[in-house]
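Following: one structure in structure tokens, then a few remarks.
There are 2 protein chains.
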Amino acid sequence: MNIEKVFVEKGISLTSQRRLIAETLLNSSKHLGAEELFYLVHKKNPRIGLATVYRTLQIMRENGIIEKRDFGDGCSRYEDRKDMHHDHLICMKCGNVIEFDEPTIENLQMKVAEKKRFKVVTHRLELFGYCNKCSK
Amino acid sequence: MNIEKVFVEKGISLTSQRRLIAETLLNSSKHLGAEELFYLVHKKNPRIGLATVYRTLQIMRENGIIEKRDFGDGCSRYEDRKDMHHDHLICMKCGNVIEFDEPTIENLQMKVAEKKRFKVVTHRLELFGYCNKCSK
DNA sequence: TATAAGAATGATACTCATTCTCAATATATT
DNA sequence: AATATATTGAGAATGAGTATCATTCTTATA
Ligand SMILES: [Zn+2]
Ligand SMILES: [Zn+2]
Ligand SMILES: [Zn+2]
Ligand SMILES: [Zn+2]
């Protein structure tokens, strides 16, 4: 993903701080929390403040560049908004997150909602347990 | 549910405070948050402190009497742990919560996890949107 | 270029749900 | 009763996230 292009398209001014924050998040394969991201960013530029990290995350979220997740471990996590929706398997030991997409589940969700006359806007499905490594 | 019996079975001493807190929560059909529950309890016995509400909730959760939920509205919510697992439809306007259980979805979840060699311990599925009333 | 207006930043104060601390009470045991 | 143990309530502490505000860029205009 070309950060400059995306920011320009959305009409967000791209400061050096925002560039570094965005680059660090989008180049990571993990679902980073704000503090974690701040730590990584801080190593590269110790002048950047935590507030700027939070602000940049909010702007990127408002503009549909990233998504906010809550895996119930006390802090929100952020990730690149991929083209395809996906859900998560979360390892309770090592914290590793595996992504998946199961269209049949998605369809069944819609049917359940219809039955209850409920209009679904969004959803989240998270399976907690142990990954292959950790369950040995 | 007989509160006295349940507490005795689990070996939890049942003080007057705990009885009131447990009764209030279990007699409610809603998914109450701690503050909300504290408010209800406080009306009946203003001497009970918020810390005791939190402590009692924790004890009941540790003993499998209730379950903690996080619907992403800033506070945890608690509900009677029913015999059957269930998931939730949550209205983003009125906050109403509808429960459902769809065994086919549950089965598919297991299959997805197997494919990823992941051992599922628990999961949560929440559909956010608008209930029948609010979507008009 | 100079300058004024506007946006972004960083330090810090603040909020708010939840947990911790500790002295005071209540309960159980000898 | 006397002692040990458990529970309580008030308030302090915690920690993620937000708001404030003076300072530092940018941009636009004279
Ligand atoms: Zn693992
Ligand atoms: Zn993801
Ligand atoms: Zn509604
Ligand atoms: Zn429920």
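From first to last, the protein sequence lines stand for chains Y and U.
-3 is the number of the first residue of the first sequence in my numbering; add one for each residue after it.
-3 is the number of the first residue of the second sequence in my numbering; add one for each residue after it.
Even glycine gets a Cβ: it sits at the ideal position worked out from N, Cα and C.
Just so it is clear, the structure is predicted and the values come from calculations on it, not from any experiment.
Residue i to residue j span [Cα, whole Å]
i       : j        : result
L104(U) : I62(Y)   : 28 Å
I17(U)  : Q54(Y)   : 38 Å
D97(Y)  : S9(U)    : 46 Å
N23(U)  : K26(Y)   : 42 Å
R43(U)  : I(-1)(U) : 21 Å
R51(Y)  : K39(Y)   : 19 Å
Neighbouring residues, chain Y, relative to residue i (Cβ below 8 Å)
i       : result
D134(U) : Any answer about residue 134(U) is impossible in this case: the structure gives chain U only from -3 up to 132.
A109(U) : L85, L123, G125
D66(U)  : D66, G68
Assumed close pair residue i, residue j - CB separation to whole angstroms, cut-off 8 Å
i       : j       : result
L36(Y)  : T48(Y)  : With 8 Å as the limit, L36(Y) and T48(Y) do not qualify as a contact, their Cβ atoms being about 14 Å apart.
S72(Y)  : G45(Y)  : Between G45(Y) and S72(Y) the Cβ distance is about 18 Å, and since that is not below 8 Å, they are no contact.
V117(U) : F124(Y) : 6 Å
R120(Y) : E122(U) : 5 Å
When the options are compared against residue i, the one with the closest alpha-carbon
i        : options                        : result
F114(U)  : H38(Y), R43(Y), M88(Y)         : M88(Y)
I86(Y)   : E32(Y), F34(Y), K129(Y)        : K129(Y)
F81(Y)   : P99(Y), R14(Y), G45(Y)         : Per the sequence presented here, residue 81(Y) reads as His, with Phe not at that position. With distances taken between Cα atoms, H81(Y) lies closest to P99(Y).
G68(Y)   : M56(Y), G91(Y), R57(Y), R43(Y) : G91(Y)
M(-3)(Y) : H38(Y), M106(Y), K78(Y)        : K78(Y)
I94(U)   : C127(U), K1(U), Y50(U), G7(U)  : C127(U)
R15(Y)   : A109(Y), D83(Y), N41(Y)        : N41(Y)
V2(Y)    : M56(Y), Q13(Y), E31(Y), S12(Y) : M56(Y)
Where residue i meets chain U, residues with beta-carbon distance less than 7 Å
i      : result
I94(Y) : K112, F114
M88(Y) : V117
Per-residue contacts from residue i into chain U (C-beta, under 9 Å)
i       : result
L104(Y) : E98, T100, I101, L104
S131(Y) : R113, F114, K115
R120(Y) : G68, R120, L121, E122, L123, F124
Listed by chain order, chain Y residues near residue i by CB distance under 9 Å
i      : result
N41(U) : The contacting residues do not exist; N41(U) stays about 32 Å from chain Y at best.
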